[in-house]
Amino acid sequence: MIALTAVLAAAVVANAQITPRQAATPTANVSPPALSSTNPTAIPLSSIYASAPTQATVALHTTYAAGATPPISGAPALPTAAITAANWPALDQIPPLDSPQVKQWIQEVANSGIKIPTVAQTMLGGCGEPANAAALANATAQGNCWWTCGGCSRETDITTCPDKATWGLSFDDGPSPYTPDLLNYLDANNIKSTFFV
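Reading the sequence shown from the start, the letters are residues -16 to -1, 1 to 181 in mature numbering (1 follows the signal peptide of the UniProt record, and there is no 0).
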């Protein structure tokens, strides 16, 4: 999936046409932007489909054994391959919030000066669910800013691109063996992006 995302992103980037911003004269006839690419390296949209050919899998540089000690000073050892299910929270159940570990985390956040809000969990059924009425009423920018049901955004949120011919670009997942190829491509084309890892 990451490889397909990178291919699609590369296709979008290759198809992008950046034009300097100019003031149009009142009598100018402006044609709508062309959706076809003039970039000879662009991947045609007709070539992007579920069974499209892909590049060869990138080999991992190194595979470390379970329990290995990292070369970075102070870093913990890698986990062992043995997984004990009893050491993990139960599947599909909210873990207890009164465990010593959770209490320690809450205290550490409180000690930092950040106020922890008391927000009830929303229920299945979304905006129309009667059990979510209080959350919906508090979905404003002054409240919990529940975007899904309130359409809320704050001044600190980036929700639009302010200039014509400008668009936002982001990636998630990774890093993976394909990450260097993507980063090199973005760097070679002087493209800035947000990478959610």
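Ideal Cβ placement from N, Cα and C applies to all residues, glycine included.
If you check the beta carbons only, do residue i and residue j fall under 8 Å apart?
i, j, result
"C145", "G134", "no"
"S177", "L170", "yes"
"F180", "L166", "no"
"W130", "S137", "no"
"T53", "A61", "yes"
"N128", "A119", "yes"
"I90", "I100", "yes"
Does DSSP put residue i in a helix, in a strand, or in coil?
i, result
"T163", "helix"
"A34", "coil"
"W151", "coil"
"S21", "Because the pLDDT at S21 is just 48, under 50, the model does not fix this residue reliably, and the point stays unresolved."
"C111", "helix"
"A43", "coil"
"A70", "helix"
"N173", "coil"
"L81", "coil"
In the DSSP assignment, find the unbroken beta strand (DSSP E) run with residue i in it and report its ends.
i, result
"T178", "178 to 180"
According to DSSP, residue i sits in a beta bridge with which residue or residues?
i, result
"D156", "F180"
Going by CA-CA distance only, name the one from the options that's closest to residue i.
i, options, result
"A59", "L44, G51, Q88", "G51"
"T41", "N173, Q85, N168, Y162", "Y162"
"E139", "G97, T38, K148, A125", "A125"
"H45", "P164, N173, A172", "P164"
Does any residue of chain D have a CB that is nearer than 8 Å to the CB of residue i?
i, result
"T150", "In the structure shown, chain D does not exist; there is a single protein chain."
How would you write the range of the alpha helix (DSSP H) that residue i sits in, first residue to last?
i, result
"A61", "Here A61 belongs to no alpha helix (DSSP H), and DSSP marks it neither H nor E."
"V93", "84 to 95"
"W131", "131 to 134"
"L120", "117 to 121"
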